[in-house]
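**Q** Read in order, the letters of the sequence shown are residues 1334 to 1584 in my numbering. Where a beta carbon is used, it is the ideal one built from N, C-alpha and C, also for glycine.
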Amino acid sequence: MVLLALACLGLCAQEKEIPLLQKEERPEIVQRIVELQHQKPAEIGALLSNSGVQVRASEPLKAISLYGPKNLVEALEAEIRRLDKPVMTTSRNIELVAYFMLASTKGGAGGALPKELEPVARQLESIFGMRDFRLFETAFMRAREGTPMETSGSVQVPVSGSGFPPSNYQLRCRSTSISHMGTSRVIRLDDFRFGIRVPFTLPSSAQFQFSDVVLNTNLDIREGQKVVVGQSRVGEGDASLVLVLTARVTE
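1. Using a threshold of 7 Å, state whether the C-beta atoms of arginine 1505 and arginine 1521 are closer than that.
2. Return the chain-ordered ranges of every beta strand (DSSP E) run that is complete within the segment 1510–1580 and spans a minimum of 3 residues.
3. Run through DSSP, which three-state label would proline 1419 get?
4. Going by C-alpha to C-alpha distance, which of Val1567, Thr1471, Gly1563 sits closest to phenylalanine 1541?
5. Exposed or buried, which one is leucine 1380 when buried takes at least 16 other CB atoms within 10 Å?
6. To the nearest angstrom, how far is it from the Cα of asparagine 1549 to the Cα of glutamine 1372?
7. Would you mind sorting leucine 1336 into buried or exposed? The rule is 16 or more other CB atoms within 10 Å of its CB.
8. Keeping to the same chain, check which residues put their C-beta closer than 8 Å to that of leucine 1457; ignore five residues upstream and five downstream.
9. Using alpha carbons as the reference points, say which of Lys1448, Glu1451, Pro1393, Gly1385 lies closest to alanine 1375.
10. Output needed for histidine 1513: all residues of its chain with C-beta closer than 8 Å, excluding positions within five of it in sequence on either side, in chain order.
11. Skipping 5 residues on each side, what residues in its chain have a beta carbon closer than 6 Å to that of valine 1547?
12. Can you give me the Cβ contacts of serine 1517 inside the same chain, cut-off strictly under 7 Å, excluding the 5 residues immediately before and after it?
13. Taking just the CA atoms, how far does serine 1391 sit from aspartate 1545?
14. Taking only three categories from DSSP, how would you classify proline 1452?
15. Using the beta-carbon count (16 or more within 10 Å), is alanine 1411 buried or exposed?
16. Within a Cβ cutoff of 8 Å, which residues of the same chain sit near asparagine 1404, ignoring the five residues on either side of it in sequence?
17. Going by beta carbon distance, what residues of the same chain come within less than 8 Å of glycine 1441, once the five residues before and after it are set aside?
18. Kindly give me the distance between the Cβ atoms of isoleucine 1397 and glycine 1378, rounded to whole angstroms, as I take these residues to be in contact under 8 Å.
19. DSSP three-state call for phenylalanine 1461: helix, strand or coil?
20. Could you give the first and the last residue of the continuous alpha helix (DSSP H) run that contains glycine 1401?
21. Please name the residue, chosen from Leu1429, Glu1584, Phe1461, Ile1362, that lies closest to methionine 1482 on a Cα-to-Cα basis.
22. Measuring straight from C-alpha to C-alpha, what distance separates arginine 1581 and valine 1363?
23. From the DSSP output, which residues share a beta bridge with leucine 1380?
24. Leucine 1336 by DSSP, collapsed to three states: which one?
25. Closest to proline 1499 by C-alpha separation, out of Arg1475, Glu1478, Phe1543, would be which residue?
So, in structure tokens, the structure goes:
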């Protein structure tokens, strides 16, 4: 009995000597909402996706939600504010010139063209057999890269006789951009649209009617190049309306 008691006392002493394991401290979990002023939330959120913090980006709210350990959340919040800076861009302008020409294979249009349009006339002659040209309107447009472009006006089209109302026209494009092709710059016009309504009369009637010309396309214009966008017959004669565009970039 004495030996058993001594053994028990020895066992109890050994148990008292074993240190208790300390309770593991869990990190404090927090959530923060960081509002952005300049950058896109999705782009910054993608950079922080493997940071050990739950990151959710909201484009409509322009904000990023952070959920995780406090020390990591605070570090990411500071990084987001560092990245959220205005983007310094050099805005470029695009200048567009539209030439309205009347062309004929029978010489009904008459008149001479400015020197800069003579290569266009030679091209139209070789493709469509047109010989006589008349420039009756020039329209100018200017806009910043990435923005829409639009202009409108009215002009007396030479195909109409005296006493006819002027023709209203409109040119517009949904968006503009600039790219490079080799050493040349290329101006992109998305959803370019041209429309004009030309009055004319039929030989059998004194009442005038209207010929609607509409051109709608996407265009890539090399800077300084003159591009024939399209041609359409107007009225009852041989004349066709030809639209020519040229574009350049100004810094």
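**A** Reading from the atomic positions:
1. Mapped onto the sequence shown, residue 1505 falls at position 172. Mapped onto the sequence shown, residue 1521 falls at position 188. The answer is no: Cβ separation not under 7 Å.
2. Runs of the beta strand (DSSP E) inside the segment 1510–1580: 1517–1534, 1541–1555, 1559–1566.
3. To locate residue 1419, count along the sequence shown from 1; it is residue 86. In this structure, proline 1419 counts as coil in the three-state DSSP scheme.
4. The residue you call residue 1541 lines up with position 208 of the sequence shown. Per the Cα distances, Val1567.
5. Position 47 of the sequence shown, counting from 1, holds the residue named residue 1380. Exposed, by the Cβ-count rule.
6. Counting from one through the sequence shown, the residue named residue 1549 turns up at place 216. Counting from one through the sequence shown, the residue named residue 1372 turns up at place 39. Taking the straight line from one Cα to the other gives about 35 Å.
7. Looking up residue 1336 in the sequence shown gives position 3. Confidence at leucine 1336 is low in this model, with a pLDDT of 47, below 50, so the placement of that residue is unreliable and no value is reported for it.
8. Working through the sequence shown from its first residue, we reach residue 1457 at position 124. So the qualifying residues of the chain are Ala1436, Met1463, Phe1466, Val1561, Gln1564, Val1575.
9. Looking up residue 1375 in the sequence shown gives position 42. Comparing Cα-Cα distances from alanine 1375 to each of Lys1448, Glu1451, Pro1393, Gly1385, the minimum goes to Pro1393.
10. Within the sequence shown, the letter at position 180 stands for residue 1513. Result list for histidine 1513: Val1519, in chain order.
11. As a position in the sequence shown, residue 1547 is number 214, starting the count at 1. Only Gly1528 meet the Cβ criterion.
12. The residue you call residue 1517 lines up with position 184 of the sequence shown. Counting only Cβ-Cβ distances below 7 Å, and skipping sequence neighbours, we find Arg1555, Glu1556.
13. Within the sequence shown, the letter at position 212 stands for residue 1545. Within the sequence shown, the letter at position 58 stands for residue 1391. Answer to the nearest angstrom: the Cα atoms are 47 Å apart.
14. Position 119 of the sequence shown holds residue 1452. Three-state DSSP puts proline 1452 in a helix.
15. To locate residue 1411, count along the sequence shown from 1; it is residue 78. So alanine 1411 ends up on the exposed side.
16. The sequence position of residue 1404 within the sequence shown is 71, counting from 1. Result list for asparagine 1404: Pro1360, in chain order.
17. By one-based count along the sequence shown, residue 1441 stands at place 108. Because glycine 1441 sits at a pLDDT of 49, beneath the cut-off of 50, its placement in the model cannot be relied upon, and the following sentence gives the value as read from the coordinates. Correct list, in chain order: Asp1465, Gly1570, Asp1571, Ala1572.
18. Locating residue 1397 in the sequence shown gives position 64, counting from the first residue. Locating residue 1378 in the sequence shown gives position 45, counting from the first residue. About 6 Å; that satisfies the 8 Å criterion.
19. If you number the sequence shown from 1, residue 1461 lands on position 128. Annotated three-state conformation of phenylalanine 1461 is helix, per DSSP.
20. As a first step, residue 1401 must be located in the sequence shown, where it is residue number 68. No alpha helix (DSSP H) holds glycine 1401; the beta strand (DSSP E) holding it covers 1396–1402.
21. Indexing the sequence shown from 1 puts residue 1482 at position 149. The residue among Leu1429, Glu1584, Phe1461, Ile1362 with its C-alpha nearest the C-alpha of methionine 1482 is Leu1429.
22. Translated into the one-based positions of the sequence shown, residue 1581 becomes position 248. Translated into the one-based positions of the sequence shown, residue 1363 becomes position 30. About 54 Å.
23. One-based indexing of the sequence shown puts residue 1380 at position 47. Answer is none; leucine 1380 lacks a bridge partner.
24. As a first step, residue 1336 must be located in the sequence shown, where it is residue number 3. Low local confidence applies: a pLDDT of 47 at leucine 1336 is under 50, so the model's placement there is unreliable, with the coordinate-based value given in what follows. In the structure shown, leucine 1336 sits in a helix (DSSP, three-state: H, G or I).
25. Within the sequence shown, numbered from 1, the residue matching residue 1499 stands at position 166. When only C-alpha atoms are compared, the closest one is Phe1543.
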